[in-house]
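K.L.:
Attaching a single structure in structure tokens format; questions to follow.
In our numbering, the protein residues as written are 483 to 729.
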């Protein structure tokens, strides 16, 4: 069978100089992303900030020190449903069929449990995933495919989760990058989501994390085509762990 770039990314990993213990419990990570190509730009967001860039002119690469902080929901007052901001992230797409009858019905059932509480809607959706969608290496290419098969990898989970969020009037975007899973001793390719509840908050439907732990490093946003640039980060790169903080 032909192996495409995304299959290769899922199998690839970037080893760290030390092992991160209990990565799901981390709330702050400071990392030195080493040997990046100069055209490989790491995006910033509220939880992810670049602290320093060191250009290595001798070989056309750079080292980037980045800090990731898990968002805090303490004392956070989320917007009530429906949320009217970021309409572009509430639209149905080719991969995120939030306007389909099947997905609208799921959002309707979840809203019976959450009412107009957007935080609760996200939490109840994660519970629904735990009961109905299995984690597997099955690759699906849309939210409806994932719903039909009842299983899938991280990208599949993100498509379906995003569709349910959008059908429930919560802005949601898919992001991809790296995560440090238990037992791998390396940062691995991964996809997850961000929801807007008054601020953007990370949520990982595969790992059932809300917010996502601080080993989640965003490198790209959008559908599968926008993620091809992640390959630039995987080649000849290394990650040095500078600081780790736990909750």
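Glycine included, each C-beta is placed from N, C-alpha and C at the ideal position.
Flag this pair as yes or no: are the beta carbons of residue 554 and residue 695 separated by less than 7 Å?
P.N.:
Here residue 554 is taken as the residue at index 72 of the chain shown, counted from 1. Here residue 695 is taken as the residue at index 213 of the chain shown, counted from 1. Cβ atoms of residue 554 and residue 695: not closer than 7 Å.
K.L.:
Indicate whether residue 592 and residue 649 have their beta-carbon atoms separated by less than 7 Å.
P.N.:
Translated into positions along the chain shown, residue 592 becomes position 110. Translated into positions along the chain shown, residue 649 becomes position 167. Taking 7 Å as the Cβ cut-off, residue 592 and residue 649 do not qualify as a contacting pair.
K.L.:
Would you kindly work out how many angstroms separate the C-alpha atoms of residue 497 and residue 628, rounded to a whole number?
P.N.:
By one-based count along the chain shown, residue 497 stands at place 15. By one-based count along the chain shown, residue 628 stands at place 146. Taking the straight line from one Cα to the other gives about 31 Å.
K.L.:
Do you know whose CA, among 641, 608, 610, 636, lies nearest residue 624's CA?
P.N.:
Numbered from its first residue, the chain shown carries residue 624 at position 142. Checked all of 641, 608, 610, 636; the closest Cα to residue 624 is 641.
K.L.:
Classify residue 500: buried if its beta carbon has 16 or more other beta carbons within 10 angstroms, exposed otherwise.
P.N.:
The residue labelled residue 500 in the question sits at position 18 within the chain shown. With fewer than 16 other Cβ atoms within 10 Å, it is exposed.
K.L.:
Between residue 644 and residue 548, what straight-line distance do the alpha-carbon atoms span, to the nearest angstrom?
P.N.:
Numbered from its first residue, the chain shown carries residue 644 at position 162. Numbered from its first residue, the chain shown carries residue 548 at position 66. Cα-Cα distance, rounded: 27 Å.
K.L.:
Taking buried to mean at least 16 other C-beta atoms within 10 Å of its own C-beta, is residue 686 buried or exposed?
P.N.:
Working through the chain shown from its first residue, we reach residue 686 at position 204. Buried: at least 16 other Cβ atoms inside 10 Å.
K.L.:
Leaving aside the five residues before and after residue 664 along the sequence, list all residues of the same chain whose C-beta is less than 6 Å from its C-beta, in chain order.
P.N.:
Residue numbering aside, residue 664 sits at position 182 when the chain shown is read from its first letter. There are no such residues.
K.L.:
With H, G and I counted as helix, E and B as strand and the rest as coil, what does DSSP make of residue 687?
P.N.:
Position 205 of the chain shown, counting from 1, holds the residue named residue 687. Looking at residue 687 - three-state DSSP - the assignment turns out to be coil, as it is neither helix nor strand.
K.L.:
Just to check my reading of the structure: residue 716 and residue 574 have Cβ atoms closer than 8 Å, yes? What is that Cβ distance to the nearest angstrom?
P.N.:
Position 234 of the chain shown, counted from the start, is the residue given in the question as residue 716. Position 92 of the chain shown, counted from the start, is the residue given in the question as residue 574. Incorrect: roughly 31 Å between the Cβ atoms, too far for contact.
K.L.:
Between the Cα of residue 529 and those of 703, 578, 682, 677, spot the shortest distance and give me the residue it belongs to.
P.N.:
As a first step, residue 529 is located in the chain shown; it is residue number 47 there, counting from the start. Nearest C-alpha to residue 529: 682.
K.L.:
Name the residue from 721, 518, 657, 560 whose alpha carbon lies nearest to the alpha carbon of residue 540.
P.N.:
Position 58 of the chain shown, counted from the start, is the residue given in the question as residue 540. Here the closest residue by C-alpha is 518.
K.L.:
Compute the distance between the beta-carbons of residue 524 and residue 546, then report whether it is under 7 Å.
P.N.:
As a working note, residue 524 is residue 42 in the chain shown. As a working note, residue 546 is residue 64 in the chain shown. In contact: residue 524 and residue 546 (Cβ atoms closer than 7 Å).
K.L.:
If you count every other CB in all the chains shown that lies within 10 Å of the CB of residue 618, and 16 or more means buried, which is it?
P.N.:
The residue you call residue 618 lines up with position 136 of the chain shown. It counts as exposed.
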